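S.K.: Take a look at the following structure, please.
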Amino acid sequence: MRTTIDLPDQLFRQAKATAALRGTTLKNLVVAAIEREIVAGGPEAGGRRRRMRLPLVRLGGGRRLDLSEFNFDDLLA
């Protein structure tokens, strides 16, 4: 089936370059990306994603935690 999609110029250039680097066509790249999104479980059957509630952590005494100097990369090492 044929269809037309409107992509931002930068995304189109990146997709075309990625397809060329992988030795495939832009069409095949787009089909694979859509299949991955559907299989990966995007919103079920077109429904909305459920909003997840995160736990609220309170620091006693109204103190604030300053993480401006914290190196988050150290957590991954």
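In this note's numbering, the protein residues as written are 11 to 87.
For glycine and all other residues, C-beta sits at the position ideal for the given N, C-alpha and C.
Remember, it's a predicted structure, so these values are computed and weren't measured experimentally.
I'd like the span of the alpha helix (DSSP H) that includes R31, first residue to last.
M.R.: Residue mapping note: residue 31 aligns to position 21 of the sequence shown, counting from 1. Note that residue 31 is Leu in the sequence shown, not Arg. Here the alpha helix (DSSP H) through L31 covers D19 to R32.
S.K.: I'd like to know whether the C-beta atoms of L17 and A29 end up nearer to each other than 8 angstroms.
M.R.: Along the sequence shown, read from residue 1 onward, the residue named residue 17 stands at position 7. Along the sequence shown, read from residue 1 onward, the residue named residue 29 stands at position 19. For L17 and A29, no; Cβs fall outside 8 angstroms.
S.K.: Mapping the DSSP letters down to three states, classify N38 as helix, strand or coil.
M.R.: For the purposes of this step, residue 38 is taken as residue 28 along the sequence shown, with counting starting at 1. Note: N38 maps to helix in three-state DSSP.
S.K.: Measure from the alpha carbon of I44 to the alpha carbon of each residue in N81, I15 and G72, then state which is nearest.
M.R.: Residue 44 sits at position 34 when you count from the first residue of the sequence shown. Measuring from the Cα of I44, the nearest candidate turns out to be I15.
S.K.: Quick check on DSSP: helix, strand or coil for D84?
M.R.: Translated into the one-based positions of the sequence shown, residue 84 becomes position 74. Three-state DSSP puts D84 in a helix.
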